[in-house]
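As structure tokens, the structure follows; a few thoughts come after it.
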Amino acid sequence: MIGKQEQDELFELVSSKIEGDIVCYAFGGTALMYYGYKESTKDIDILFEREDDMKVFIKAINELGFKKRALAGVYDQDRIENKDKPLMFERGDARFDLFVKNIFSTEFTEEMKDRSRERHDFTRKDYTLTVMVISIEDLVILKSVTNRENDYADIQMLLKKSEVDWSIIVDEAIRQKDRWTILDLEETMQRLKKDFYIPKKYFDKLHKSI
Amino acid sequence: MDLKKIEGLRTIEELCDLLRLKRQSVLNKLSQLKKQGYISVSGGRDQKRIYKITTYKQTKSRGMFDIINKYSKIKVFPSFKHVAHGKYGIENALIDAIKLKNRRTLLAALSLFNHVRNWKRLSLLAKKYDIQVELGCLYDLARRSIKTRRMPKNIYDSLKSKKSRKTIRISQEKSDMVDKEWNCQIPFSRGDLKRLKE
Numbered sequence: 010m011i012g013k014q015e016q017d018e019l020f021e022l023v024s025s026k027i028e029g030d031i032v033c034y035a036f037g038g039t040a041l042m043y044y045g046y047k048e049s050t051k052d053i054d055i056l057f058e059r060e061d062d063m064k065v066f067i068k069a070i071n072e073l074g075f076k077k078r079a080l081a082g083v084y085d086q087d088r089i090e091n092k093d094k095p096l097m098f099e100r101g102d103a104r105f106d107l108f109v110k111n112i113f114s115t116e117f118t119e120e121m122k123d124r125s126r127e128r129h130d131f132t133r134k135d136y137t138l139t140v141m142v143i144s145i146e147d148l149v150i151l152k153s154v155t156n157r158e159n160d161y162a163d164i165q166m167l168l169k170k171s172e173v174d175w176s177i178i179v180d181e182a183i184r185q186k187d188r189w190t191i192l193d194l195e196e197t198m199q200r201l202k203k204d205f206y207i208p209k210k211y212f213d214k215l216h217k218s219i
Numbered sequence: 174m175d176l177k178k179i180e181g182l183r184t185i186e187e188l189c190d191l192l193r194l195k196r197q198s199v200l201n202k203l204s205q206l207k208k209q210g211y212i213s214v215s216g217g218r219d220q221k222r223i224y225k226i227t228t229y230k231q232t233k234s235r236g237m238f239d240i241i242n243k244y245s246k247i248k249v250f251p252s253f254k255h256v257a258h259g260k261y262g263i264e265n266a267l268i269d270a271i272k273l274k275n276r277r278t279l280l281a282a283l284s285l286f287n288h289v290r291n292w293k294r295l296s297l298l299a300k301k302y303d304i305q306v307e308l309g310c311l312y313d314l315a316r317r318s319i320k321t322r323r324m325p326k327n328i329y330d331s332l333k334s335k336k337s338r339k340t341i342r343i344s345q346e347k348s349d350m351v352d353k354e355w356n357c358q359i360p361f362s363r364g365d366l367k368r369l370k371e
């Protein structure tokens with residue numbers, strides 16, 4: 010497990026090793042920590058738009074002693090076989106899950122990029138590592154897709170603590186090329202309906218799009 | 174306590190009404206939440222205390238908007254949260270404001286020209302992001318409108334050498350006013366620049 014301060018220190022350390030400016034997007038537990046909704050996380054989930062940026066990042070974390078590890082034991086077989094699976098690097102308690110362009114089958118769209126709510130710049134030497142934090146709405150989508158028990162609990166916590174715009178969530182799911190995103194989201198919304206008010210029109214919109 | 178219910182800027186009286194508690198009980202709860210980081214307070218002494226309550230923990234950040242709001246008379250409401258860790262100064266904030274292309278942020282950032290210490294760093298950053306002409310144009314504009322420090326001549330000349338034939342738009346908004354010296358569209362009116370002085 011890694012706390013927010015340790016995570017920031019780690020990013021700052023990485024920024025001292027990179028050989029070029031990098032922009033990446035934080036989601037999952039990392040994003041929840043930045044929003045102040047979580048104290049610690051098992052893994053640092055990061056997405057890169059460009060593969061070259063990821064290579065620069067990997068070179069820097071290799072210098073810091075992070076070693077590549079297998080996905081088995083962390084993700085299920087379906088995800089291990091997914092073409093958009095992450096690369097995992099580990100050192101002690103800290104683990105990076107690095108994705109490029111897509112998170113499993115969910116596409117990281119331009120709209121998702123524009124909705125990023127926080128920007129953290131880490132500059133220790135010559136280059137800057139910019140970590141953008143994705144919006145709460147997009148976190149709900151991604152957590153619906155990953156669909157682990159902890160993810161559902163995280164969605165519940167997000168809805169309790171913050172206002173979410175369901176129209177953004179539904180529109181984004183429909184925009185996704187992968188139809189499973191809609192089905193996963195609909196399933197999550199059906200479960201959430203017992204504890205939270207979600208207007209019927211959003212269910213109708215999802216049903217029509219399938 | 175349900176923070177969502179009391180989120181926002183609140184006075185003690187409002188909170189008493191919302192929570193249906195006595196003043197002292199509310200103060201005790203606020204004190205607890207402040208320790209946990211969910212509340213920051215402004216005012217005090219002669220001014221009424223205003224409690225900023227959020228559902229997330231508030232951290233003291235140091236980013237572009239904090240630097241601009243510290244030095245400018247025109248304040249900017251952040252369109253996103255920006256936090257800088259490590260090296261980040263006035264020069265970086267000025268460059269980030271130009272990259273953002275937001276009219277109000279640019280106007281407020283003009284005040285930073287009076288606090289730039291490292292002109293070389295500023296020009297290197299401008300070169301890195303290819304915004305030398307925008308920087309030069311905004312510098313001239315700031316110099317004509319408010320008190321600013323003088324940019325070293327060699328740096329000013331190097332910015333000027335980047336002037337292109339194509340008219341550059343500094344902000345996202347279109348403007349009819351063009352600075353012929355730099356061939357840039359200026360997004361501010363005279364009234365805007367006047368507000369910087371007040």
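Residue numbers (our numbering), protein chains in the order written: chain P, 10 to 219; chain G, 174 to 371. Virtual Cβ for every residue (Gly too), placed ideally from N, Cα, C.
- The count of Cβ pairs closer than 8 Å, one atom from the segment 146-166 of chain P and one from the segment 179-196 of chain P, reaches three, so the stretches are in contact.
- In summary, the residues of the segment 129-142 of chain P whose CB is separated from some CB of chain G by less than 7 Å are His129, Asp130, Phe131, Thr132, Arg133, in the order they occur in the chain.
- In summary, the residues of the segment 246-279 of chain G whose CB is separated from some CB of chain P by less than 7 Å are Phe253, Lys254, His255, Val256, Ala257, His258, Gly259, Lys260, Tyr261, in the order they occur in the chain.
- Counting the other CB atoms within 10 Å of its CB gives G:Pro360 a total of 16 or more, which places it among the buried residues.
- A check of alpha carbon separations from G:Lys178 across P:Glu28, P:Glu15, P:Arg124, P:Glu172 identifies P:Glu172 as the nearest.
- DSSP, read as helix, strand or coil, puts G:Gln197 in helix.
- Of all residues in the segment 226-238 of chain G, only Thr228, Tyr229, Lys230 place a beta-carbon less than 7 Å from a beta-carbon of chain P.
- According to DSSP, P:His216 shares a beta bridge with no other residue.
- Annotation: P:Trp175 to P:Asp147 spans about 10 Å, alpha carbon to alpha carbon.
- Nothing from the segment 317-336 of chain G brings a Cβ to less than 9 Å from some Cβ of chain P.
- Taking the C-beta atoms as reference points, P:Phe131 is found nearer than 8 Å to P:Glu21.
- Between the segment 132-143 of chain P and the segment 181-189 of chain P, the count of Cβ pairs shorter than 8 Å is below three; the stretches do not touch.
- DSSP places P:Phe66 in the helix class (H, G or I) of the three-state scheme.
- The residues Val306, Trp355, Asn356, in chain order, have a CB closer than 7 Å to that of G:Lys336 in the same chain once the five nearest residues on each side in sequence are set aside.
- Pairing G:Thr232 with G:Tyr329, the inter-Cα distance amounts to about 38 Å.
- A distance below 8 Å separates the beta carbons of G:Val199 and G:Ile185.
- In the DSSP assignment, P:Met10 falls outside any beta strand (DSSP E), carrying neither H nor E.
- In terms of beta-carbon proximity, P:Ser49 stays away from the interface with chain G, with every pair separated by 8 Å or more.
- Beta-bridge analysis with DSSP links P:Ala103 to P:Arg100.
- By the Cβ-count criterion, P:Ile89 is exposed, with fewer than 16 other Cβ atoms from all chains shown falling within 10 Å of its own Cβ.
- Straight through space, the alpha carbons of G:Ala257 and P:Pro95 are spaced by roughly 27 Å.
- Scanning chain P for C-beta atoms nearer than 9 Å to the C-beta of G:Lys177 yields Lys169, Lys170, Ser171, Glu172, reported in chain order.
- In summary, the residues of the segment 118-129 of chain P whose CB is separated from some CB of chain G by less than 8 Å are Ser125, Arg126, Glu127, Arg128, His129, in the order they occur in the chain.
- If you compare the alpha carbons of P:Asp106, P:Arg78, P:Gln86 with that of P:Phe66, the shortest gap goes to P:Asp106.
- Ranked by how close their Cα comes to the Cα of P:Gly38, the residues P:Arg100, P:Asn159, P:Leu168, P:Val109 have P:Asn159 in first place.
- Judged by DSSP in its simplified three-state form, P:Val23 adopts helix.
- In terms of beta-carbon proximity, P:Asp62 stays away from the interface with chain G, with every pair separated by 8 Å or more.
- Straight-line measurement puts the Cα of P:Ile207 at about 11 Å from the Cα of P:Asp213.
- Among the residues facing chain G, P:Glu21 is included, as its CB has a counterpart in that chain under 8 Å away.
- No Cβ-Cβ contact shorter than 8 Å links P:Met198 with P:Asp102.
- With 16 or more other CB atoms across the displayed protein chains lying within 10 angstroms of its CB, P:Gln16 is buried.
- Within the segment 34-46 of chain P, contact with chain G at the beta-carbon level (separation under 8 Å) is assigned to Tyr44, Gly45, Tyr46.
- Nearest to G:Arg322 by C-alpha distance, out of G:Lys274, G:Leu283, G:Leu298, is G:Leu283.
- Ranked by how close their Cα comes to the Cα of G:His288, the residues G:Ala315, G:Gln345, G:Glu180, G:Asp303 have G:Ala315 in first place.
- For P:Asp17, the residues of chain G that pass the 7 Å Cβ criterion are His258, in the order they occur in the chain.
- Between the C-alpha atoms of G:Ala281 and G:Ser245 there is a straight-line separation of about 6 Å.
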